[in-house]
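Note that this note's numbering gives residue 59 to position 47 of the sequence shown, counting from 1, and the numbers run on in steps of one.
Glycine included, C-beta positions come from ideal geometry on N, C-alpha and C.
The structure displayed is predicted, hence computed values, not measured ones.
Here is the structure we will look at, set down as structure tokens.
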Amino acid sequence: MALSALAGALLPVRGFRPGGADGQGCARRSMLAGAAAIRPVVLSTWSHGVPANDAAWTILASGGRALDAVEAGVRVPEGDPNVTSVGYGGRPDRDGRVTLDACIMDEHGGCGSVASLEHIMHPISVARCVMEKTPHVMLVGDGALQFALDSGFPKENLLTADSEAAWREWLKTSHYEPTGSVRDHDTIGMIAIDAAGNLSGACTTSGMAFKMHGRVGDSPIIGAGLYVDNDVGAATSTGVGEETIRIVGSHLVVELMRQGRSPRDACREAIDRIARKRPEKAKTIQLAFLALSKSGEHGAFALQRGFQYALASRDAHNELFASESLYEAPNPL
Ligand code: SD4
């Protein structure tokens, strides 16, 4: 069952009498109880979101902070060599270098980000250090690496034999046409609300396979690949990042929720905007948004069929959901 429906089902609480003597005040209390009952919630992109949610859930279920949960959650695909678009095992750029992008946001509006970071398996934890230990928001390239090494992160080779073989194969044609399809998606965006009602989010990727050296996508850009406003909700994005950056997509989704849209409708409006601005391009690429409101309601929308996200809550037990999409192409991207 979709959590939005679940939230509605949980609204009546024991002892609540609609229209009772305490009238509106009583109704307000029942809604708060409903929201509290569905917390905590964690959502993440694609099927590798399931094991990532498991790690996050361990923290959330024991009353932990959403920020700790999202960091622990996305570290799972970062360290998994079989996930070929995040962290260790991520596909390299066209020069054979694995360059990673990541960002994190907490419930206080704090944010940290790294872009084009090499040799560090867990860029999300470096992003958190940027947030908590520097006066800056974003570090890139050599500066980000130097900061990571100075902070005690080990220098590692992230190019697996499998990724190197894929790169050598790609070199034979050197044809680059990113679609955000099953071959080059896998970015993980994770958003969560903890038992105390606080929101946080994390997003981490090796970006588009065989990109130009120095290319940065939406994932480490605050407001594009991720945005969290603890008064309103959180959103994250996956797919061809250039298109998300153009509309500052995750920030747009959160602002639309602030204006009263449901998470699903806010995600749909962001997708519609991309399709309206560049209709021909939009038909050929995958892009999706995933959102969570302060009340624990969630929603998603994608350009193409095929986007899935994982949801864990006390009632939803870490299930995969298929997103709605604008286009229903027979071969999902
Ligand atoms: C990027 N948005 O670097 C990322 C890639 C991605 O699914 O999400 N792929 O543009």
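Residues that DSSP places opposite residue i in a beta bridge
{"i": "Y100", "result": "BP columns for Y100 are empty, so no partner."}
{"i": "E331", "result": "L323"}
{"i": "Y239", "result": "A247"}
{"i": "G318", "result": "In the DSSP output, where bridge partners are listed per residue, G318 has none listed."}
{"i": "F301", "result": "S249, F313"}
{"i": "G213", "result": "M117, I203"}
{"i": "A127", "result": "V152"}
{"i": "L338", "result": "DSSP, once it has assigned bridges, lists no residue as partnering L338."}
{"i": "T57", "result": "Y321"}
{"i": "I286", "result": "Answer by DSSP bridge pairing: none, since I286 is not bridged."}
{"i": "I234", "result": "L238"}
Rounded straight-line distance, which links the Cα of residue j to that of residue i
{"i": "H8", "j": "R106", "result": "Residue 8 lies beyond the residue range present for the chain, which begins at 13 and ends at 345; the question has no answer from this structure."}
{"i": "Y339", "j": "K145", "result": "44 Å"}
{"i": "M266", "j": "A204", "result": "Per the sequence shown, residue 266 should be read as Val rather than Met. In a straight line, the C-alpha of V266 is about 14 Å away from that of A204."}
{"i": "G318", "j": "A282", "result": "18 Å"}
{"i": "G164", "j": "G61", "result": "28 Å"}
{"i": "D241", "j": "V88", "result": "25 Å"}
{"i": "D277", "j": "G311", "result": "8 Å"}
{"i": "G91", "j": "G272", "result": "38 Å"}
{"i": "E189", "j": "R227", "result": "14 Å"}
{"i": "R258", "j": "G245", "result": "21 Å"}
{"i": "P390", "j": "Y100", "result": "An answer regarding residue 390 cannot be provided, because it is not within the stretch 13 to 345 covered by the chain."}
{"i": "C141", "j": "A247", "result": "22 Å"}
{"i": "N65", "j": "V252", "result": "23 Å"}
{"i": "L171", "j": "W182", "result": "15 Å"}
{"i": "S262", "j": "S325", "result": "22 Å"}
{"i": "A127", "j": "M220", "result": "13 Å"}
{"i": "W58", "j": "S337", "result": "15 Å"}
{"i": "L161", "j": "M133", "result": "12 Å"}
{"i": "R95", "j": "E168", "result": "Looking at the sequence shown, residue 95 is not Arg but Val. Approximately 17 Å, taken between the alpha carbons."}
{"i": "A300", "j": "F313", "result": "6 Å"}
{"i": "G76", "j": "T70", "result": "8 Å"}
{"i": "A341", "j": "E331", "result": "24 Å"}
{"i": "Y239", "j": "D230", "result": "11 Å"}
{"i": "L302", "j": "P275", "result": "8 Å"}
{"i": "S305", "j": "T296", "result": "30 Å"}
{"i": "K293", "j": "A287", "result": "8 Å"}
{"i": "R280", "j": "G308", "result": "18 Å"}
{"i": "H120", "j": "A78", "result": "12 Å"}
8 Å contact criterion, which residue i and residue j should meet: CB distance rounded
{"i": "P232", "j": "S125", "result": "4 Å"}
{"i": "S249", "j": "G235", "result": "The Cβ separation is near 10 Å, so there is no contact."}
{"i": "M202", "j": "S56", "result": "4 Å"}
{"i": "Q415", "j": "Q316", "result": "Limits of the chain in this structure are 13 at one end and 345 at the other, which puts residue 415 out of reach."}
{"i": "V86", "j": "I200", "result": "5 Å"}
{"i": "F348", "j": "R103", "result": "Within the shown structure, residues of the chain are numbered from 13 to 345, placing residue 348 beyond reach of any answer."}
{"i": "A84", "j": "D206", "result": "So it is not a contact: roughly 13 Å between Cβ atoms."}
Any non-hydrogen atom of the ligand SD4 closer than 7 Å to residue i Cβ
{"i": "D113", "result": "yes"}
{"i": "D198", "result": "yes"}
{"i": "S97", "result": "yes"}
{"i": "D230", "result": "yes"}
{"i": "V252", "result": "yes"}
{"i": "T217", "result": "yes"}
{"i": "G237", "result": "yes"}
{"i": "M269", "result": "no"}
{"i": "M133", "result": "no"}
{"i": "M117", "result": "no"}
{"i": "M224", "result": "no"}
{"i": "M220", "result": "yes"}
Closer than 7 Å: residue i CB and nearest the ligand NAP heavy atom
{"i": "F159", "result": "You won't find the ligand NAP in this model; what it holds is the ligand SD4."}
query = Should the segment 214-226 be called in touch with the segment 108-117, which here means at least 3 C-beta pairs below 8 Å?
reply = Cβ pair count under 8 Å is three or more, so yes.
task = Would you check if the segment 150-158 and the segment 171-178 touch, i.e. whether three or more CB-CB distances between them fall below 8 Å?
result = Contact between the segment 171-178 and the segment 150-158 is absent, because fewer than three Cβ pairs lie under 8 Å.
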